[in-house]
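Reading through the structure tokens given below for one structure.
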Amino acid sequence: MAGSKCQPANLLTGLVFLADWLQQLTIGIVLGSVYALIALGYTMVYGVLRLINFAHGDVYMLGAFFGYFAANALRTAEHPSLWRAAAVFLIAMGLCALVGMTIERFAYRPLRQAPRLTALITAIGVSFLLEYGGQLVFGADPKSFPDVIETKPVVEWEYKGSFLIITNTQVVIVVVAFALMLLLRFIVLHTKIGKAMRAVAQDREAAALMGVNTDAVISFTFALGSALAAAGGILISLYQPSIDPLMGVLPGLKAFVAAVLGGIGNIPGAVLGGLLMGLAETFVIANTLWLPPILMRLGMAKESASGVDISNYADAIAFLILIVVLLVRPSGLLGSVQREKV
Amino acid sequence: MLEISRLDVYYGVIRALHSVSLHVGKGEIVTLIGANGAGKSTTLRTVSGLLRPLAGEILFEGEDITDMPPHRRVALGIVQVPEGRRVFPQMSVGENLDLGAYARKDKAGIKQDLERVFSLFPILAERRKQAAGTLSGGQQQMLAIGRALMARPRLLLMDEPSLGLAPLIVKDIFHVIAEIRKQGVTVLLVEQNAHMALSIADRGYVLETGRVTLSGPAKELMANEEVKKAYLGG
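Rendered as structure tokens:
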């Protein structure tokens, strides 16, 4: 993490380490906006089907791979340009939309009438299929994602010995992620298919009785969520350019947690949850002065040249936050309490 | 208009309908009466396509629609007002009505029908922006009917429209059903309130444990001793 060179900033001494603190904020928002993009897919599919699509994180992985092949084919590293970058996104998003629709059609639709647990277990199966099928097809070794945009700093600021560096890549990630979220918001709230999605989410049978082709709407929902995940996969690869077939496991899990944190089925909730997960993860690493001594005493962390390495605990603490939030608000931050149907 | 013959419907291994046959003529109000669990709603849900029969046939204006998915039946003009109203609670009244017209593309006609619904139920015009879940039960039933009318139905399937409503509102609803028929819509009405249903219907069918046990003109059914004893409270 960027803050490891200097003293870890503490919120209380934040003014002294203002630059460092802003640096953590930047990284947190970058990670969080990608988690948010993935979380939207979980929450939308849950909304229409009440299904946790555990294969969603792997669709994100496929998005990164499709982007990798598209970027290589278009030789973006040699000839970076805006339209090539856009093409990489559109190709990967389109292919992932097809993958998502295919998964829904062949893995989940035949189980529409089956108990929910059956579909859930199938989702886990599809996830394994994509992960290990991916190893078979792409190879298990990490691949280096080609440059799509030339990374350079847009903000460089030193303040009392700590640094804030924001790169154009980070800006692109946040801008693209939020542009896509606004697009999604527009689709859901202001288009006919969006209205049908909301109707299916609220009452699938009643929607069918209105003349809504519910299968088509569910299929469209998978396409939309998968395309967003693909965008997330490419965005993260611009930032951490090493991709492998298991790269979707942890971000997928965190995005799922983000969706639950925000209130699953709730679209703004997924965005909020994603951002909170990204920020929590980043700040946990940077700001827990009290943690390293405890971990060392417990023999759970070792001191190295760069200080005490606690980054492995960041995920554990992020999940701890989830548990605490859910203890207080079981339906998530923005989730509504399920009313008893009368 | 609607011709159902020898319909068998199962819920898993439980048989809900035994060879049910009935027909509805153009412009009629036909009612299905019977006790709880007699198969009234099941019949209606099979006509709208929410349930698939194991055997039997459904013809709508001569066309076999037995295996047609519900959304295509709506496009043909078969529209159901579901039991328990089932409005979309988090959407506004206006959005609910828009969804009723989901299968249609004739903008002018949709606008005209919206006016018609608002003149039938002025309260819906007043509450147009309000979330449907916050309406009272009677208002939700009006919205459910209005929403169905937005599909410009030719055959309106109504499942227990009086369920859970105050007697005064029930009267209003039945008045509206008569009005809808006057405008040329055929109605197949399922009701527990047999007295109300038969007083408005042209013909009726009595269902008992998944079988049609009696049928005929509504007036005759009302005069029938067994019907009186079982469904009309004396």
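Protein chains in written order, with the working numbering: chain A, 1 to 342; chain B, 343 to 576.
Virtual Cβ for every residue (Gly too), placed ideally from N, Cα, C.
This structure is a prediction, so every number in the text was calculated from the model and none was measured.
Query raised in the report: Apart from the five residues just before and just after THR384/B, which ones in its own chain have a Cβ nearer than 7 Å to its Cβ?
Result: Along the second sequence, read from residue 1 onward, the residue named residue 384/B stands at position 42. Answer for THR384/B: VAL351, ALA358, LEU359, LEU393, listed in chain order.
Query raised in the report: What residues in its chain sit with their C-beta under 6 Å from that of PHE283/A, if we drop five residues either side in the sequence?
Result: Residue numbering aside, residue 283/A sits at position 283 when the first sequence is read from its first letter. Within the same chain, PHE283/A has close Cβ partners GLN24.
Query raised in the report: How many Å lie between ALA508/B and ARG428/B at the Cα?
Result: One-based indexing of the second sequence puts residue 508/B at position 166. One-based indexing of the second sequence puts residue 428/B at position 86. Cα-Cα distance, rounded: 18 Å.
Query raised in the report: Closest to THR191/A by CA distance: which of GLU437/B, PRO431/B, PRO395/B, GLY506/B is it?
Result: Residue 191/A sits at position 191 when you count from the first residue of the first sequence. For the residues GLU437/B, PRO431/B, PRO395/B, GLY506/B, the minimum Cα distance to THR191/A belongs to GLU437/B.
Report task. Give the DSSP-derived three-state secondary structure of LYS152/A in the structure shown. Result -> As a working mapping, residue 152/A is identified with position 152 in the first sequence. Residue state, collapsed to three classes: coil.
Query - Terminal residues of the alpha helix (DSSP H) in which GLN240/A lies - result: Numbered from its first residue, the first sequence carries residue 240/A at position 240. Note, GLN240/A: premise wrong, no alpha helix (DSSP H); not H, not E.
Query raised in the report: How should VAL154/A be labelled, buried or exposed, when 16 other C-beta atoms within 10 angstroms of its C-beta is the threshold for buried?
Result: By one-based count along the first sequence, residue 154/A stands at place 154. With fewer than 16 other Cβ atoms within 10 Å, it is exposed.
**Report entry** Simplified DSSP assignment, three categories, for ASP350/B
**Finding:** Translated into the one-based positions of the second sequence, residue 350/B becomes position 8. It is a strand residue.
Report task. Can you pull the chain A residues whose beta carbon is under 8 Å from the beta carbon of ALA493/B, in chain order? Result -> Walking along the second sequence from the start, residue 493/B turns up at place 151. Within 8 Å Cβ-Cβ: MET210, GLY211.
Query raised in the report: Distance, Cα to Cα, LEU37/A vs ILE218/A?
Result: As a working mapping, residue 37/A is identified with position 37 in the first sequence. As a working mapping, residue 218/A is identified with position 218 in the first sequence. Cα to Cα, LEU37/A sits roughly 19 Å from ILE218/A.
Query raised in the report: Is DSSP giving ALA2/A helix, strand or coil here?
Result: Residue numbering aside, residue 2/A sits at position 2 when the first sequence is read from its first letter. Annotation note: pLDDT 43 at ALA2/A (below 50); position unreliable, coordinate value reported separately. Helix.
Query - Continuous beta strand (DSSP E) stretch holding GLY376/B: start and end - result: Translated into positions along the second sequence, residue 376/B becomes position 34. Counting along the chain, the beta strand (DSSP E) containing GLY376/B begins and ends at 371-376.
Report task. Leaving aside the five residues before and after GLU104/A along the sequence, list all residues of the same chain whose C-beta is less than 7 Å from its C-beta, in chain order. Result -> Start at 1 with the first residue of the first sequence, and residue 104/A comes out as number 104. The residues are ILE218, SER219, PHE222.
Query - Three-way DSSP call (helix, strand, coil) for SER336/A in this model - result: The residue labelled residue 336/A in the question sits at position 336 within the first sequence. Of the three classes helix, strand and coil, the one that applies to SER336/A here is coil, per DSSP.
Requested in this report: With a threshold of 16 other CB atoms inside 10 Å of the CB of HIS537/B, please say whether the residue is buried or exposed.
Outcome: Looking up residue 537/B in the second sequence gives position 195. Per the 10 Å Cβ criterion, exposed.
Query - When HIS79/A, ILE234/A, MET93/A are compared against THR169/A, the one with the closest alpha-carbon - result: On the first sequence, residue 169/A is found 169 positions in, with the first residue counted as 1. When each option's Cα is compared against that of THR169/A, the closest is ILE234/A.
Query - Spatial neighbours of PRO142/A in its chain, beta-carbon cut-off 6 Å, leaving aside the 5 residues before and after - result: Position 142 of the first sequence holds residue 142/A. Excluding positions up to five away in sequence, the list reads SER242, ASP244.
Query - Coarse secondary structure for VAL257/A, derived from DSSP in three states - result: Residue mapping note: residue 257/A aligns to position 257 of the first sequence, counting from 1. Three-state result, VAL257/A: helix.
Query - Span separating the alpha-carbon of GLN525/B from that of GLY398/B - result: Along the second sequence, one-based indexing puts residue 525/B at 183. Along the second sequence, one-based indexing puts residue 398/B at 56. Taking the straight line from one Cα to the other gives about 31 Å.
Query - Distance, LEU556/B Cα to ASP331/A Cα - result: The count along the first sequence starts at 1 and reaches residue 331/A at position 331. The count along the second sequence starts at 1 and reaches residue 556/B at position 214. The sequence given here places Ser at residue 331/A; Asp does not occur at that position. Using only the alpha carbons, I get a separation of about 51 Å.
Requested in this report: Determine which residues of the region 380-397 of chain B have a Cβ less than 7 Å from any Cβ of chain A, and write them out in chain order.
Outcome: SER390, LEU392
Query raised in the report: Name the chain B residues that come within less than 7 Å of GLY203/A, Cβ to Cβ?
Result: Walking along the first sequence from the start, residue 203/A turns up at place 203. Reading the sequence as shown, one finds Asp at residue 203/A and not Gly. What ASP203/A touches in chain B: ARG428, PHE430.
Query raised in the report: Helix, strand or coil: which one does DSSP assign to ALA140/A?
Result: Numbered from its first residue, the first sequence carries residue 140/A at position 140. Coil, per DSSP.
Query raised in the report: For ASP203/A, which of helix, strand or coil comes out of DSSP?
Result: Here the question's residue 203/A lines up with position 203 in the first sequence. Note: ASP203/A maps to coil in three-state DSSP.
Requested in this report: Please go through the region 380-426 of chain B and give each complete alpha helix (DSSP H) segment of 4 or more residues, from N-terminal end onward.
Outcome: 382-390, 412-418
**Report entry** Enclosing alpha helix (DSSP H) for VAL171/A [first to last residue]
**Finding:** Residue numbering aside, residue 171/A sits at position 171 when the first sequence is read from its first letter. Where VAL171/A is concerned, the enclosing alpha helix (DSSP H) stretches over 168-190.
Query raised in the report: Listed from N- to C-terminal order along the chain, which residues in the region 167-198 of chain A have their beta-carbon within a distance smaller than 8 Å of any beta-carbon of chain B?
Result: LYS192, LYS195, ALA196, ARG198
Requested in this report: Quick one: using the 10 Å Cβ neighbour count with 16 as the cut-off for buried, is PRO110/A buried or exposed?
Outcome: Within the first sequence, numbered from 1, the residue matching residue 110/A stands at position 110. Exposed, since its Cβ has fewer than 16 Cβ neighbours within 10 Å.
Query raised in the report: When the cut-off is 7 Å and only beta carbons count, does ALA377/B lie next to chain A?
Result: Residue 377/B sits at position 35 when you count from the first residue of the second sequence. No, its Cβ sits nowhere closer than 7 Å to a Cβ of chain A.
Query raised in the report: Name the DSSP bridge partner or partners of THR122/A?
Result: Here residue 122/A refers to the residue found at position 122 when the first sequence is read from its first residue. Answer by DSSP bridge pairing: none, since THR122/A is not bridged.
Report task. Please report how far the alpha carbon of LEU272/A lies from the alpha carbon of CYS96/A, in whole angstroms. Result -> Within the first sequence, numbered from 1, the residue matching residue 272/A stands at position 272. Within the first sequence, numbered from 1, the residue matching residue 96/A stands at position 96. Rounded to whole angstroms, LEU272/A to CYS96/A spans 24 Å at the Cα level.
Query raised in the report: Does ALA206/A have its Cβ less than 7 Å from a Cβ in chain B?
Result: Indexing the first sequence from 1 puts residue 206/A at position 206. Cβ-Cβ to chain B under 7 Å: yes for ALA206/A.
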